[in-house]
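**Q** Here you go, one structure.
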Amino acid sequence: MPLILSDRDTKTSYPSSYELSVKCSQSVSSAYKRSIDLGHGMHLLVRNYQLEEPLVEEIIYTYSAVELEFGFNLSGKPHQQTSRFSYPGSFLQFEQTNSQTVTGEWLPGQILKIDLHLTAPRDSNTLSSIQMELLPVELRQQFENPDKEFYTDLGILTPEVHLVLQQILNYPYQGEIEQIYLQSKALELIAIQSAYMLKHRDRNQLVKLKSSDVERLHHARDVLINNFENPPSLIDLARLVGMNDCTFKRGFRQVFGTTAFGYLRKHRMIQARQLLLENKMSIAEVACTVGYSHPGYFAAAFRREFGINPSSLRRDVPACD
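Numbering-wise (full-length UniProt numbering), the sequence shown opens with residue 1 and increments by one.
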């Protein structure tokens, strides 16, 4: 028998702020969902489900609306619409919602998903002027006609996106500072995804990838991350995931927005930045940990990535007690 997680169990409903959780007494399954109202019709929806059996999720829409959604699927799959949404991956969609109850079912496994919504009442015909100003000029015209629904599978979770999503999932702030912090992260996600969408507007230039190819590319990305100190060559990596060299190179850039070793370099720098902020290792130790044998080469790469020296970042971190 599946677990049930329903908005009926809250005093407020989507898109207002609320938290929902449920645990199964007969297994280790648990589900946690949080809706965070960021103001101006912008809100985050965070799902973290650990499931040994299917979960039925019930969402109650209290009014008709037009909605722009930036979706980020870190892990897990629903029973329905599996061919439409990338897992893991990201998407952008613009649609109309009615006052209704929507039910969906999630497969067993770990589901970790973050969605960013810009919502306006249907009778306003479009997003508000404040919401429109959050978007690049080139994209605003896409949302001026509420009858023009669309869906775009962006198919990527770049290191930049991963970093922001992890910052949304793990932060120390509360109250007004929490609100400001999450607003800034939401705007950062909009900027990153909008830039990618504009860069790849001409889909005809992209390689046509099968879903199995995308899974192979995600596996290749995982191999790189897990072996970043001594990564395999591109030829070996392509052979490992069962793709020819040309399709692998072009497909990796298409799915992740950069080359395989560009992705690896970005991942190393993000890991290094996190280690420096933790202030538990020397700069030389951090450099070695992320695969640089010479601190000078590491400092140069870090400076190119973040515009600041590792030592300058370290000085800005309060000393540990």
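Ideal placement from N, C-alpha and C gives every residue a C-beta, glycine not left out.
Classify Gln-193 as buried or exposed, calling it buried when 16 or more other Cβ atoms lie within 10 Å of its own Cβ.
**A** buried
**Q** Do the CB positions of Ser-6 and Glu-58 come within less than 7 angstroms of each other?
**A** yes
**Q** Whole angstroms is fine: what's the gap from Val-28's alpha carbon to Leu-51's?
**A** When rounded, the distance between both Cα atoms is 8 angstroms.
**Q** Excluding the 5 residues preceding and the 5 following Leu-3 in the sequence, name in chain order all residues of the same chain whose CB lies nearer than 8 angstroms to its CB.
**A** Contacts found: Val-22, Cys-24, Ser-29, Ala-31, Leu-51, Glu-53, Pro-54, Leu-55 and Val-56.
**Q** Taking 8 angstroms as the cut-off, does the segment 249–263 touch the segment 219–229 (at least 3 CB pairs, one atom from each stretch)?
**A** yes
**Q** Indicate whether the contact test is met: 3 or more Cβ pairs, each with one atom in the segment 177–190 and one in the segment 283–301, closer than 8 angstroms.
**A** Fewer than three beta-carbon pairs drawn from the segment 177–190 and the segment 283–301 are found closer than 8 angstroms, and the two stretches are therefore not classed as touching.
**Q** Label Ala-300 either buried or exposed according to how many other C-beta atoms from any shown protein chain fall within 10 Å of its C-beta, with 16 as the threshold for buried.
**A** Residue environment for Ala-300: exposed (fewer than 16 other C-beta atoms within 10 angstroms of its C-beta).
**Q** I need the DSSP call for His-117, collapsed to helix, strand or coil.
**A** strand
**Q** State yes or no: is the C-beta of Thr-158 within less than 7 angstroms of the C-beta of Leu-92?
**A** Taking 7 angstroms as the Cβ cut-off, Thr-158 and Leu-92 do not qualify as a contacting pair.
**Q** Apart from the five residues just before and just after Ser-17, which ones in its own chain have a Cβ nearer than 7 angstroms to its Cβ?
**A** Ser-35, Ile-36 and Asp-37
**Q** Once you ignore the five residues that flank Glu-238 on each side, which residues in its own chain have a CB closer than 6 angstroms to its CB?
**A** Before going further, note that residue 238 is Ala rather than Glu in the sequence given. Only Asp-245 and Phe-248 meet the Cβ criterion.
**Q** Going by C-alpha distance, which of Thr-62, Gly-291, Ser-184 and Leu-135 is nearest Thr-101?
**A** Closest option to Thr-101, Cα to Cα, is Thr-62.
**Q** Starting from His-43, follow its DSSP beta bridges and name the residues at the other end.
**A** DSSP, once it has assigned bridges, lists Asp-37 and His-117 as partnering His-43.
**Q** If you reduce the DSSP assignment to three classes, tell me which class Thr-97 lands in.
**A** strand
**Q** Nearest-angstrom Cα distance between Leu-112 and Tyr-181?
**A** Rounded to the nearest angstrom, the two C-alpha atoms are 21 angstroms apart.
**Q** State the beta-bridge partners of Phe-91 as determined by DSSP.
**A** The bridge partners DSSP lists for Phe-91 are Gly-71 and Asp-153.
**Q** Look up Gln-110 in the DSSP assignment and give the residues it is bridged to.
**A** Gln-50
**Q** CB-CB under 7 angstroms to Asp-9, same chain, minus the five flanking residues each way: which ones, in chain order?
**A** Leu-20
**Q** Can you tell me the Cα-Cα spacing of Leu-165 and Leu-44, whole angstroms?
**A** 11 angstroms
**Q** With a threshold of 16 other CB atoms inside 10 Å of the CB of Leu-198, please say whether the residue is buried or exposed.
**A** exposed
**Q** First and last residue of the beta strand (DSSP E) that includes Ser-6?
**A** 3–6
**Q** What does a CB cutoff of less than 8 angstroms around Ala-272 pick up in its chain, not counting 5 residues either side in sequence?
**A** Val-286, Ala-287, Thr-289, Val-290, Phe-298, Phe-302 and Pro-310
**Q** At what residue ranges does the segment 172–237 contain a whole run of the alpha helix (DSSP H), taking only runs of 4 or more?
**A** 175–199 and 211–226
**Q** 7 angstroms is my cut-off, CB to CB: does Phe-70 come that close to chain B?
**A** Given the protein chain composition of this structure (a single chain), no chain B is represented.
**Q** In its own chain, which residues sit with a C-beta less than 8 angstroms from the C-beta of Gln-109, not counting the 5 before and 5 after it?
**A** Position check: residue 109 holds Gly in this sequence, whereas Gln was assumed. Hits under 8 angstroms: Leu-51, Ser-75, Gly-76 and Lys-77.
**Q** Leaving aside the five residues before and after Gln-26 along the sequence, list all residues of the same chain whose C-beta is less than 7 angstroms from its C-beta, in chain order.
**A** Shown here for Gln-26: not one same chain residue has a beta carbon closer than 7 angstroms to its own, the five before and five after excluded.
**Q** His-219 and Val-241 look like a contact to me (Cβ under 8 angstroms); what is the Cβ gap, rounded to whole Å?
**A** With 8 angstroms as the limit, His-219 and Val-241 qualify as a contact, their Cβ atoms being about 5 angstroms apart.
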